[in-house]
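Chains A and B, in that order, are what the protein sequence lines are. Here the first sequence is numbered in the working numbering, starting from 713 and rising by one per residue. Here the second sequence is numbered in the working numbering, starting from 48 and rising by one per residue. Working notes for the structure below.
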Amino acid sequence: MLKQQEVQHLLLRAGFGATYREIDRLKRKNPKAVITSLFDHTVPEINVTDQLSFDMQDFFAASREERREMIKMNRPLIKQLNAKWIKQMVISDNTIGEKLTLFWHDHFACSSNNLFFLESYLTTLRKYALGNFRDLLHAVAKEPAMLAYLNNQQNRKKSPNENFAREVMELFTLGRDNDYTEKDIKEAARAFTGWGFDIEGKFRFRKFQHDFGEKSIFGKTGNFSGEEVLDMLLENRATAAYIAQKWVRYFVNDQGDDVLSKAVAEAFYNADYDIRTGLMTLFTHERFYAKEHHGVKIKSPVELVVGLQRMTYATIQSDDSLVFLQNMLGQRLFFPPNVAGWPGGQSWIDNATLAFRIELPKYVFLAGLIETLPKDSGDIGDQIRNNGKLKKLEVKIDYDQLKNDFKRANDEEIYTFFSQVPAADASELSNLSSLVKKVVLLTSKPTFQLC
Amino acid sequence: MNSRRSFLKQSSLVTAGTMLAPNFLHAFSNRNTHGFNGKRLIVIQLSGGNDGLNTIIPYRNDLYYQLRPSLSYQKREVLNLTTELGLNPGMSGLKEIFDRGDACIINNVGYPNPNRSHFRSMDIWHTGSDAENYWSTGWLGRYLDHECHDPLQYQAVEMDDSVSLAMRGDRHKGFSVSKPANMYNTVKRIKLNHYKETTNENLNYLYKTLADTQQSARYIYEKSKIYASKVSYPNTKFGKQMKSMAELIISGIESQVYYVSLTGFDTHARQKNQQQHLLKQYSDALLALSKDLKQHDQWDDTLIFTFSEFGRRVQENASRGTDHGAANNIFISGGKLKKAGIMNESADLANLDKGDLVHSIDFRSVYATLLDKWLKCDADKILKQSFERLRFV
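Now the structure itself:
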């Protein structure tokens, strides 16, 4: 059996945390069964374009004026897609699938102002989140959002653009300056020439733009296609090692854990990049539960906002509220700072974001008045900006469930539930009259910023 | 300078804060004398991509009028700077500063392979990377990392509710000061007295940030009450930010870097009025600030650098606006410029790259000059490369 802190550790890392009742239920079960059950669910698609009366093809066939109207209709839907994704993380049974989708968005960092592209990109991340990394890599590399973001639409036989090939190696597979040369990038870029998308927003191999000539990549020579280059990258164990290392930093500790990374990399590679196998190895390994890994990760803004809701039966209602929190806390889904994703860790915290994190429970549980404004990005087309001042968060809280969960819990148990950092001093809870006040106090603490 | 430091040491409010906090959390109450050398840098960011060509106007250039049939300003409208160039009619404030010899305009600033996305180009300006590299720290943040072993948290302050990437280093970050009283009230509720340093570095970091914020927010809040400006600033968010910045400076706060942004420059449609309105706001606020600082003998120790993430396409679009472009002009102002006026050749409208102006000065040359010659630090290390120094300071 896992101890309370260990169950919380598992659920916070493999997901975003869970209710007191759920932790209590799981700690009575066989650990292996608990971990297996985490993988038991599917990752549903998230769709917003089904509300539109037109598709990508109609869009390109339309006149100038019609297009302008269509863009107007699209705009709020990107905000909606963003918010719907977060809401899904809050209600999902499959927290590991959700957590992984978030990981893949950071790993395959990408942005677009095209609603269709974004939705398709997200669908691919979700479809393969827990599948096989080979399928995921091949599919993401063919997403119009990614091809556009990395300028591969401009990668033509006569004027190759290396950006895509470079990032595929540096960020998606081998890792920076690891086992590839500038020449490998140049040659691989030739293999990706002609990879683009058509007016329907679908991947298209434009064979007249493709360089069918002989290429020399990683010491091999042949008429390699883009797909073959991706497979060559997967053949290299360094790719499995790189992903495993990133997983360990993401799920376990910013500082890494060499023993754990090695074990995960080996299992992942031997299972031909089956993501489930890699992660089962991670979450069942004794190193995952090592004391030094507990309570040492700073929650990302999304982890904080989603986790707070999942632990307390609170649900933030409006898209504007959800987008506002992302804007204030410094993590905007679909708008990573650049192709390298979010730097994470201590970079989430400065005096402004820390003060905001401390105030957040007041906005959620006490209808506190908001006095801060997010910075304007300057982009008039910014799809997830907040228009005007947001005075209050729109939140619903199921107080009956919340009270019911804690009805037999003493202060120390409540304290332990909201803090992964040991040495709890629960005495400060004793003079608080209501459960909500206790929750506000505990979720305002610096310790709650850690998981 | 020494008297300020002893104020810090003796001030009851600082001791009140530090008495509650364990030792390792507050290095700053017994700091050595490293720090403020009296020179301060103010960075003003014009967000959205300011159209430099309608800011510094080549009013005798036929190409300008050809490419901008509805957006151009006529010769009689512009505020003359030289026989070739004039300011946007909204910028009488900057004109006054310019005529005093306290402004320097640098044309054609940019970087190789310009990126036309707001986010990416701003990222490049903030971090100081090449277009091909992705850095996670800002140029001023690295200045803090490099320069200060143990900086005051408010060594670099931002007049906003958030801290820009430019101000984020690996170990040190700028300080948001838009509402010091609120900030202090928020963080003071968290008790630090029982906190002991642990092996959990992120936990230590959170507590340290908290302790620093308690002390800095209170210090700034107290300081902000010392002087209330009587100079008239534009009654807008930006105007108020500039005013409270002047008040902090005149009250004697020891910050070396100040950061403030003005947004709205993404003028794809009906540009003329909107841009002129914004430029007027900018330049009126700048003039007010300079008057305020001059009256209190702070102007000579101040250097103000204004930039935008890119300029705009030379040819106007069909909506009487302009689209994203590349190279742009930047402005330097202050009381002690070595070179005032127009620093270099004006934009070459005959040689465009895909319709955009071509840069002749790398923006990091401007950074290198500011870091090296004004803030007196190792610019090459901070920028991770050596860039030519300019002569404006």
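For each residue, glycine too, the CB sits at the ideal point set by N, CA and C.
Check, Outcome
"Cβ shell of Leu789 of chain A (< 8 Å), same chain only, five flanking positions each side left out", "Val760, Thr761, Gln763, Leu764 and Leu827"
"Selection of the region 286–305 of chain B by Cβ proximity to chain A, strictly under 9 Å", "none"
"Close Cβ partners of Thr748 of chain A (< 8 Å) along its chain, the five nearest in sequence each way excluded", "Met992"
"Distance, Leu257 of chain B Cα to Gln1132 of chain A Cα", "19 Å"
"Thr836 of chain A: first and last residue of the uninterrupted alpha helix (DSSP H) it sits in", "Leu827 to Tyr840"
"The region 989–1015 of chain A: positions lying closer than 8 Å to chain B by Cβ", "Glu1004, Gly1007, Val1008, Lys1009 and Ile1010"
"Segment contact flag, the region 305–318 of chain B with the region 89–99 of chain B, C-beta cutoff 8 Å, min 3 pairs", "yes"
"Residues that Tyr305 of chain B bridges to, as DSSP identifies them", "B:Ile89 and B:Val204"
"Per DSSP, cross-strand counterpart(s) of Phe909 of chain A", "A:Phe915"
"Among A:Ile1082, A:Phe884 and A:Phe1130, nearest to Ala730 of chain A - alpha-carbon criterion", "A:Phe1130"
"Within 7 Å of chain A by C-beta, residues of the region 227–238 of chain B in sequence order", "Asn229, Met230, Thr233, Val234 and Ile237"
"C-beta neighbour in chain A for Phe222 of chain B, strict 7 Å", "yes"
"Stretch pair the region 233–252 of chain B + the region 217–224 of chain B: three plus CB contacts closer than 8 Å", "no"
"Neighbour-count burial assignment, Leu1081 of chain A, 16 or more Cβ in a 10 Å radius", "exposed"
"Closest residue to Pro281 of chain B among B:Asn229, B:Gly140, B:Arg436 and B:Ile152 (Cα-Cα distance)", "B:Gly140"
"Min CB distance Thr836 of chain A to chain B below 7 Å", "no"
"Own chain, CB closer than 8 Å to Lys715 of chain A, minus 5 neighbours either side, in chain order", "Lys739"
"Within-7 Å CB hit, Ala74 of chain B to chain A", "Reliability of the predicted coordinates at Ala74 of chain B is poor, the pLDDT of 47 falling under 50, and the value obtained from them is presented with this limitation in mind. Not one chain A Cβ lies under 7 Å of Ala74 of chain B."
"Contacts around Lys1061 of chain A, its chain only, beta-carbon distance under 7 Å, and the 5 residues preceding and following it disregarded", "The question names Lys, but residue 1061 of chain A is Ile in the sequence shown. Closer than 7 Å at the Cβ level, and outside the excluded window around Ile1061 of chain A, lie Ile1010."
"Helix, strand or coil at Ile897 of chain A [DSSP, three-state]", "helix"
"Cutoff 7 Å: Gly95 of chain B Cβ touching any chain A Cβ", "yes"
"Separation of Glu810 of chain A from Leu842 of chain A, as counted between CA atoms", "10 Å"
"Start-to-end residues for the beta strand (DSSP E) that takes in Phe766 of chain A", "Where Phe766 of chain A is concerned, there is no enclosing beta strand (DSSP E), given that its DSSP letter is neither H nor E."
"C-beta atoms of Gly906 of chain A and Phe917 of chain A nearer than 7 Å", "yes"
"Within chain A, partners of Arg167 of chain B - CB distance below 8 Å", "Asn1050"
"Near the ligand ATP: Ile1082 of chain A beta-carbon under 6 Å from a heavy atom", "This structure simply doesn't include the ligand ATP, nor any ligand for that matter."
"Cβ contact check for the region 1018–1031 of chain A and the region 172–189 of chain B: 3 or more pairs under 8 Å", "no"
"Inter-residue spacing [alpha-carbon to alpha-carbon] between Phe930 of chain A and Ala950 of chain A", "13 Å"
"Chain B contacts made by the region 930–942 of chain A, where a contact means CB separation under 8 Å", "none"
"Cα-Cα separation, Ala774 of chain A to Glu781 of chain A", "10 Å"
"Val960 of chain A and Asp969 of chain A closer than 7 Å at C-beta", "yes"
"Contact set between His241 of chain B and chain A, taken where Cβ atoms lie within less than 8 Å", "Asp1137"
"Reduced DSSP category for Val1145 of chain A - H, G, I as helix; E, B as strand; rest coil", "The amino acid occupying residue 1145 of chain A in the given sequence is Ser; Val does not appear at that position. If DSSP states are grouped into helix, strand and coil, Ser1145 of chain A belongs with coil."
"Chain-ordered residues of the region 1084–1106 of chain A with a beta carbon less than 9 Å from chain B", "Thr1084, Leu1085, Pro1086, Lys1087, Asp1088, Ser1089, Gly1090, Asp1091, Ile1092, Gly1093 and Asp1094"
"Any chain B beta carbon closer than 7 Å to Leu1066 of chain A", "yes"
"Pairwise C-alpha distance: Met881 of chain A and Asn162 of chain B", "22 Å"
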